[in-house]
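One structure below.
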């Protein structure tokens, strides 16, 4: 298998990082590395609990942002959209006004992951309430809500690589 095909989630990282990941894969230690860094899974299992979790983050960091009307795990994410989570705004006319309902959907693969992974995805989707594009302001907002955002994102990419290689789900 070529580097490009099994490290697709890590393609933008520098060569020295990719070589370290290649070594973990070659030595069959990627799963152990992830388990050692993140020994436990979170306990946010239901859509109701996920809504509460995301709402608590929103209330703490984005109090003045538009409300989120729905938050749910979605089994189709990752298969259809090639995404980890989705933020959608559905606009409707009510009377003479245009109102937007914001929904956040998180891939079910994150139902059984460490708290850091769920937090990274939730922070990412919440940041879209304020910043639509993945630009400098967007990532600055993500890092304000979660200072270790970039490390967690990298580790999520490692986990997706583990799954892509046919490895087992580590926290299920």
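Residue numbers (UniProt numbering): 1 to 172.
Quick reminder that beta carbons are idealized off the backbone N, C-alpha and C, glycines included.
For residue i, the three-state DSSP class (helix, strand or coil)
{"i": "residue 44", "result": "coil"}
{"i": "residue 146", "result": "coil"}
{"i": "residue 56", "result": "helix"}
{"i": "residue 163", "result": "helix"}
{"i": "residue 38", "result": "coil"}
{"i": "residue 73", "result": "strand"}
Inter-residue CB distance, residue i and residue j (contact presumed, cutoff 8 Å)
{"i": "residue 45", "j": "residue 119", "result": "With 8 Å as the limit, residue 45 and residue 119 do not qualify as a contact, their Cβ atoms being about 15 Å apart."}
{"i": "residue 10", "j": "residue 161", "result": "6 Å"}
{"i": "residue 129", "j": "residue 60", "result": "Rounded, the Cβ-Cβ distance is 13 Å, inconsistent with contact."}
{"i": "residue 47", "j": "residue 12", "result": "Contact doesn't hold; Cβ gap of about 32 Å is too wide."}
Straight-line Cα distance separating residue j from residue i
{"i": "residue 24", "j": "residue 33", "result": "8 Å"}
{"i": "residue 77", "j": "residue 135", "result": "23 Å"}
{"i": "residue 159", "j": "residue 94", "result": "43 Å"}
{"i": "residue 27", "j": "residue 37", "result": "17 Å"}
{"i": "residue 39", "j": "residue 88", "result": "32 Å"}
Assigned exposure category for residue i - 16 Cβ within 10 Å defines buried
{"i": "residue 215", "result": "No answer is possible for residue 215: the residues shown for the chain start at 1 and end at 172."}
{"i": "residue 80", "result": "The predicted model places residue 80 with a pLDDT of 44, which falls under 50 and marks its position as unreliable, so this point remains unresolved."}
{"i": "residue 170", "result": "buried"}
{"i": "residue 50", "result": "buried"}
{"i": "residue 132", "result": "exposed"}
{"i": "residue 150", "result": "exposed"}
Residues of its chain near residue i, where Cβ-Cβ distance is below 8 Å and the 5 sequence neighbours each way are ignored
{"i": "residue 57", "result": "119, 122, 123, 126, 145"}
{"i": "residue 141", "result": "127, 130, 131"}
Same chain, Cβ closer than 7 Å to residue i, five either side skipped, listed in chain order
{"i": "residue 107", "result": "74, 77, 78, 84, 85"}
{"i": "residue 70", "result": "103"}
{"i": "residue 53", "result": "44, 122"}
Own chain residues within Cβ distance below 6 Å of residue i, not counting five before or after
{"i": "residue 152", "result": "116, 120"}
{"i": "residue 167", "result": "31"}
{"i": "residue 164", "result": "none"}
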